[in-house]
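J.: Protein chains in written order, with the UniProt record's numbering: chain A, 1 to 231; chain B, 1 to 406.
Here a beta-carbon is modelled for each residue, glycine too, at the ideal position from N, C-alpha and C.
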Ligand SMILES: Nc1ncnc2c1ncn2[C@@H]1O[C@H](COP(=O)(O)OP(=O)(O)O)[C@@H](O)[C@H]1O
Ligand SMILES: [Mg+2]
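#1: How about residue 149 of chain A: is its C-beta nearer than 9 Å to some C-beta of chain B?
#2: Where does the unbroken beta strand (DSSP E) through residue 33 of chain A begin, and where does it stop?
#3: Taking residue 394 of chain B as the query, report the chain A residues whose CB atoms sit under 7 Å from its CB, ordered along the chain.
#4: Consult DSSP for residue 228 of chain B and reduce its assignment to one of helix, strand or coil.
#5: With hydrogens ignored, establish whether the beta-carbon of residue 187 of chain A is closer than 8 Å to any heavy atom of ligand 1.
#6: In whole angstroms, what separates the C-alpha of residue 174 of chain A from that of residue 143 of chain A?
#7: Could you list the residues in the segment 109-123 of chain A with a C-beta less than 8 Å from some C-beta on chain B, going in chain order?
#8: Just verifying my parser: in three-state terms, what is the DSSP assignment at residue 247 of chain B?
#9: Examine chain B for any beta-carbon lying closer than 9 Å to the beta-carbon of residue 230 of chain A, and answer yes or no.
#10: What residues from chain B crowd round residue 55 of chain A, counting only those whose CB sits closer than 7 Å?
#11: So which residues put a beta carbon under 5 Å from any heavy atom of ligand 1, going in chain order?
#12: Going along the chain, which residues of its own chain have a beta-carbon closer than 8 Å to the beta-carbon of residue 20 of chain A, five neighbours each way excluded?
#13: Measure from the C-beta of residue 58 of chain A to each C-beta in chain B and report whether the shortest distance is under 9 Å.
#14: Would you kindly report the start and end of the unbroken alpha helix (DSSP H) that includes residue 199 of chain A?
#15: Tell me the DSSP secondary structure of residue 206 of chain B in three-state form.
#16: Tell me which residues share the same chain as residue 86 of chain B and place their Cβ nearer than 7 Å to its Cβ, disregarding the 5 neighbours each side in the sequence.
#17: Looking at the strands, I want to know which residues DSSP matches up with residue 212 of chain A.
#18: With 9 Å as the threshold, decide whether the Cβ of residue 14 of chain B is near any Cβ in chain A.
#19: Return the residues of the segment 178-195 of chain A that lie within a Cβ-Cβ distance of less than 7 Å from chain B, sorted by chain order.
#20: Taking 9 Å as the CB-CB cut-off, is residue 9 of chain B touching chain A?
#21: Leaving out the 5 sequence neighbours to the left and right, which residues in its chain are closer than 6 Å to residue 51 of chain B when beta-carbon positions are compared?
#22: Can you find a heavy atom of ligand 4 that lies under 8 Å from the Cβ of residue 357 of chain B?
#23: To test your reading of the DSSP string, which unbroken beta strand (DSSP E) runs of 3 or more residues are found completely within the segment 50-101 of chain B?
#24: Report the CB separation of residue 158 of chain A from residue 111 of chain A in whole angstroms; it is logged as a contact under 8 Å.
#25: Which residues in the same chain have their Cβ closer than 6 Å to the Cβ of residue 1 of chain A, if we skip the five residues on either side of it in sequence?
#26: Taking all protein chains shown into account, do 16 or more other C-beta atoms lie within 10 angstroms of the C-beta of residue 395 of chain B, making it buried, or fewer, making it exposed?
#27: Use the C-beta contact count for residue 167 of chain A: other C-beta atoms within 10 angstroms, 16 or more gives buried, fewer gives exposed.
#28: Identify whether residue 5 of chain A lies in helix, strand or coil by the three-state DSSP scheme.
#29: Considering only the alpha carbon of each residue, which of A:71, A:122, A:6 lies closest to residue 23 of chain A?
#30: Assign residue 362 of chain B to one of two classes, buried (16 or more other C-beta atoms within 10 Å of its C-beta) or exposed (fewer than that).
#31: Pull up the distance between the alpha-carbon of residue 237 of chain A and that of residue 107 of chain A, whole angstroms please.
#32: Pick helix, strand or coil for residue 19 of chain A, following the three-state DSSP scheme.
#33: Helix, strand or coil: how does DSSP classify residue 151 of chain B here?
#34: Anything in chain A within Cβ reach of residue 5 of chain B, meaning under 7 Å, just list it in chain order.
#35: Less than 6 Å between C-beta atoms, sequence neighbours within five positions excluded: which residues of the same chain meet that for residue 68 of chain A?
The structure is reproduced here in structure tokens:
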């Protein structure tokens, strides 16, 4: 359902060219849980951004559910992002001036879902992450772990096929990290494809498949290789 | 984004929102009063004089030599004017046509009962040729008989007969004929019998020189009194050149003891009547333009600032699947809410300014709902154009920036 052929991404500034991704070939099946590891600056975020249609790429083809996204316009890309992909970021990225309820609601409005259906989905999603009782609260009133759970609820309310998480536990202490990880794993077991970038080998071991990026090059690795290469 | 989300965001930036609302309210106040005043001025402009504005001249002169034989002067002047090429006829006029100003005593009644309503009224004394010079068309009755004209110095006599306009006749007597009825001029109720009714002529009907429309009547009187003014009405051929004005002035110029103040088409006199007011309307239009530019720039600056503070939020919206258009649209909606609040406030201020101008500056102005609707649409358009610039910037925020900055 996700297939990349020879995808490359180059950042050009006045002084240098950075080959953030080189000739990525990858195929991911529905329902997989993939952990992406690799040293800092190796291209993990770039890979996730491209997979999540947040950034364009220079070369190659990328098929999402059989559709080549290389030449789609902004409107179509936004729509695919909204409908098929759920994001979870290291920095949570909640809108601080909106309540938890409203934060979860925003992407549903962009999709044009009816008010009654929105209400049902928001309540279900916040219930799932254990924050239903606090939906009138604002992000600043919550702990980091709770904020990340709201972000997960926001991603899940859209019923995405893919969940993309960029170091979702990077800003959390280990207890909260484990709780968030448990939640993500539950979601994956319920059928959602999960691609997660992480520094944490212990968390990476929970994945069904491990991928490593080194200098923009992507390789499948076994669990035993994790300890040796992680930075 | 739904309205409630936008409201939440507005409430977090109260001071920016308040500044935008205030700017819009003040602009609306100025622009709507400009519209009111311009509209009232235009309405005045469009009142038909029902005169051949380029075929009738107003001639005003002043006799400063008190020993002048006025009747002889008038006779000589009329002969001289009628010799000018292009002139058809000249007649003595007791008062200036069009520019005649009304005093508080200018009223007409239909009886002598103390409680009767009056009509605001201006009347003109003309000689035998006056009716033709004006091009009067009788609807009912007759013209004056030669024997009815009274001429002379200050006189306590009055002709006792008059012609009134069709509108005045309707206003006083409704559907029944005004012919043979008595009408009473001014508070002294000087009786005149109506012998003719003419089809609306002269600016009188509906003209609002002192903020009040007035009716007109004509009496067969050539009374120069002890006033120094000796005025004429002149009918000229259609399409005559402007030179006729100079020629008439030259014809009168040589008489000693008298000066010629003005020779002009009544169309020019009519224009002058409204000049002052259109100047006011133009001044207001200028202020409006400045207000709109200042507000538009203010909105550009304030919204740019507000957008720069919310750059991260816009990136999040993009990452969550908002298209560029949706991000722009959410900012335009936000602005529309502010415009709406500003409009409500602005309309309140508009009415206050309207009453202030009416009572303190005595301008002519009129509150019209369609004008307010127009101002509302105009304000929204201007502010939306202004928001468009920073909104476009906001939409350029890369959705990837939310993953790069954690
Ligand atoms: N917008 C950008 N402009 C220029 N270079 C960039 C940009 N984003 C990332 N890079 C570079 O691309 C490389 C990969 O970055 P990134 O994908 O963020 O790495 P990781 O997430 O693995 O730490 C790095 O060298 C980084 O400096
Ligand atoms: Mg990264």
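T.: Taking the structure as given:
#1: It does not; no Cβ of chain B falls within 9 Å.
#2: According to the DSSP assignment, residue 33 of chain A belongs to the beta strand (DSSP E) that extends over 33-37.
#3: Simply none; closest approach about 14 Å.
#4: Residue state, collapsed to three classes: coil.
#5: Residue 187 of chain A: no, Cβ never under 8 Å from ligand 1.
#6: Taking the CA atoms as reference points, residue 174 of chain A sits about 14 Å from residue 143 of chain A.
#7: Per Cβ criterion, the list reads 109, 110, 111.
#8: Correct three-state label for residue 247 of chain B: helix.
#9: Caution applies to residue 230 of chain A, whose pLDDT of 44 falls short of 50 and renders its modelled position unreliable; the value that the coordinates give is listed next. No, no contact with chain B.
#10: Within chain B, the residues near residue 55 of chain A are 400.
#11: In chain order, the residues with a C-beta atom nearer than 5 Å to some heavy atom of ligand 1 are A:11, A:18, A:20, A:40, A:41, A:42, A:43, A:44, A:45, A:46.
#12: Beyond the five residues adjoining it in sequence on each side, residue 20 of chain A comes within less than 8 Å, by CB distance, of 9, 10, 11, 43, 46, 216 in the same chain, given in chain order.
#13: Output row for residue 58 of chain A: interface = no.
#14: In the DSSP annotation of this structure, residue 199 of chain A is not part of any alpha helix (DSSP H), being labelled neither H nor E.
#15: With a pLDDT of only 49 at residue 206 of chain B, under the threshold of 50, the placement of this residue in the model should not be trusted, and no figure is reported.
#16: Closer than 7 Å at the Cβ level, and outside the excluded window around residue 86 of chain B, lie 236, 237, 240, 244.
#17: Looking at the DSSP assignment, residue 212 of chain A forms a beta bridge with A:37, A:219.
#18: Cβ-Cβ to chain A under 9 Å: no for residue 14 of chain B.
#19: Taking 7 Å as the Cβ-Cβ cut-off, the segment 178-195 of chain A has no residue approaching chain B.
#20: Closer than 9 Å to some Cβ of chain A, the Cβ of residue 9 of chain B qualifies, so yes.
#21: Correct list, in chain order: 266.
#22: Ligands displayed in this structure: ligand 1 and ligand 2; ligand 4 is not among them.
#23: For the beta strand (DSSP E) assignment, the uninterrupted runs of no fewer than 3 residues enclosed by the segment 50-101 of chain B are, from N- to C-terminal side, 56-63, 87-93.
#24: Contact between residue 158 of chain A and residue 111 of chain A holds: CB atoms are separated by about 7 Å, below the 8 Å threshold.
#25: Spatial neighbours of residue 1 of chain A in its own chain (CB-CB distance under 6 Å, excluding positions within 5 residues in sequence) are listed in chain order as 30, 65.
#26: Per the 10 Å Cβ criterion, buried.
#27: Buried, since its Cβ has 16 or more Cβ neighbours within 10 Å.
#28: Residue state, collapsed to three classes: strand.
#29: When A:71, A:122, A:6 are compared, the shortest CA-CA separation from residue 23 of chain A is found for A:6.
#30: A residue is called buried when at least 16 other Cβ atoms come within 10 angstroms of its Cβ; residue 362 of chain B does not meet this threshold and is exposed.
#31: Since the first residue shown for chain A is 1 and the last is 231, residue 237 of chain A is missing from the structure and cannot be characterised.
#32: Of the three classes helix, strand and coil, the one that applies to residue 19 of chain A here is strand, per DSSP.
#33: Reduced to three states, the DSSP call for residue 151 of chain B is strand.
#34: Chain-ordered, the chain A residues with CB closer than 7 Å to the CB of residue 5 of chain B read 98, 102, 106.
#35: Hits under 6 Å: 61.
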